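A quick write-up on the structure given underneath.
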Ligand SMILES: *Cc1c(COP(=O)(O)O)cnc(C)c1O
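In the numbering used here, the protein residues as written are 4 to 229.
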């Protein structure tokens, strides 16, 4: 078995183990394989192991890969920073966008979503650790922005995404994820119907699953070091 296939299998097992420890059904946690910087062949290999959802950060690189893999039934997720002049290509080529943190970007994605495609699935990126260098809306501004995003016609607000500050130790890792879970519950108590918490990367996904992650975004643990 190749490294990618055995890593994929080990990652699935670790996801199942974290779900069991949290008394959650493993089918509630989707694995998004983050293929940024890796070639189309690596994606093809993961697909041969049953993986269909892939995450990309850099638009030009992603478009080349999407084109090279048109023969496969893949679901592409955009997870990187979004410049407003890139929204049209993102709206045309992806099924999900996890990194929306401004109304203007969401409005453009909605307006530019082709009418023959289903609504673009969106996560609102929240900066729960309040790191200055990171993108994402502050938790206290998330409620108002989520209400605005939920009204746009050609996108579907599915939930929240976060990239917390790196932390060592499960208790420290779980704290920001628990805040995200509470924020999602708050939004749902105010009339939204959100079903997605996109949180957890190679170094912290078990902690994220224990706090309710429904999508974990994993690159290094599957494809290797970038
Ligand atoms: C690169 C990236 C990941 C994957 O990170 P790994 O540590 O390689 O698992 C997940 N989410 C986002 C937003 C990323 O940019």
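Every residue gets a Cβ at the ideal spot worked out from N, C-alpha and C, and that includes glycine. Quick caveat: nothing in here was measured; it's all calculated off a predicted structure.
- Where residue 59 is concerned, the enclosing beta strand (DSSP E) starts and stops at 56-59.
- In the three-state reduction of the DSSP assignment, residue 81 falls in the strand class, which pools E and B.
- With respect to the 8 Å criterion, residue 75 and residue 93 are not classified as neighbours on the basis of their beta carbons.
- For residue 132, the CB stays at least 7 Å from every heavy atom of ligand 1.
- DSSP links residue 124 through a beta bridge to 99 and 159.
- Excluding the 5 residues flanking it on each side, residue 11 has same chain C-beta neighbours closer than 7 Å at 49, 52, 54 and 225, in chain order.
- In the DSSP annotation of this structure, residue 166 is not part of any alpha helix (DSSP H), being labelled neither H nor E.
- The Cβ neighbour count for residue 202, taken over all protein chains shown within 10 Å, is at least 16; the residue is labelled buried.
- Going by C-alpha positions, residue 77 is about 29 Å away from residue 130.
- A direct Cα-Cα distance of roughly 13 Å separates residue 45 from residue 228.
- Distance between residue 222 and residue 209, taken at the CA atoms: about 14 Å.
- Following the DSSP letters along the chain, one finds residue 199 inside the beta strand (DSSP E) bounded by residues 199-201.
- Within a 10 Å sphere around the beta-carbon of residue 220 sit 16 or more other beta-carbons, which makes this residue buried.
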